[in-house]
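Below is one structure, written out as structure tokens; the observations come after it.
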Amino acid sequence: MSNILITNYLRYVILVGRRLATTQSNVNIGDQMKMLNDNKQYTKALELFDTLSKQNIDKCSNWIIIQALKACTEINDVQHGSQIHNLISSRLKRDPYVLPSLIHFYSKFIEKTKTLSIR
């Protein structure tokens, strides 16, 4: 049951993220990052994000931020994910599509910390 919910949630996020992309170049970069994440090339997805964010973090669409946070979550890169969180504008921090990705990112690490403290 939970796998179905997660799958549907991810489909929803993907569709909405694509609609909210601000420019054609952002869509292309977001789609490239999505393909890299789908192929488990998370480090390459983050490198692509870093290249774009160095140019101008404000040009990063919701779709790109979501993909970057997903890559950080998958490779357990708390530091990089926290940096992304600090870089994005306050507008995106409260965005209804970015916020669930931030929650998922942090919840994964809170869960691991609790598991380690129990052992």
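Using my numbering, you'd call the opening residue of the sequence shown number 369 and step up by one each time. We put the CB at the ideal spot given by N, CA and C, even for glycine.
Cα-Cα separation between K402 and C428, rounded to whole angstroms | 14 Å
Helix, strand or coil for R462, going by three-state DSSP, please let me know.
-> coil
Determine the DSSP secondary structure at D445, reduced to helix, strand or coil.
-> coil
Could you round the C-beta distance between N489 and D463 to whole angstroms and report it? I think they count as a contact, below 8 Å.
-> The structure shown has nothing for residue 489, since the chain only spans 369 to 487.
Any idea what DSSP makes of S475, helix, strand or coil?
-> helix
Residue span of the alpha helix (DSSP H) that contains S421, given as start and end = 410 to 423
Environment of Q435 [buried if 16+ CB atoms lie within 10 Å] | buried
Beta-carbon contacts of A389 that lie in its chain and below 7 Å, excluding the five residues immediately before and after = Confidence in A389 is poor, its pLDDT being 49 and thus under 50, which makes the residue's placement unreliable; the coordinate value appears in the next sentence. Excluding positions up to five away in sequence, the list reads V395, G398, S429, W431.
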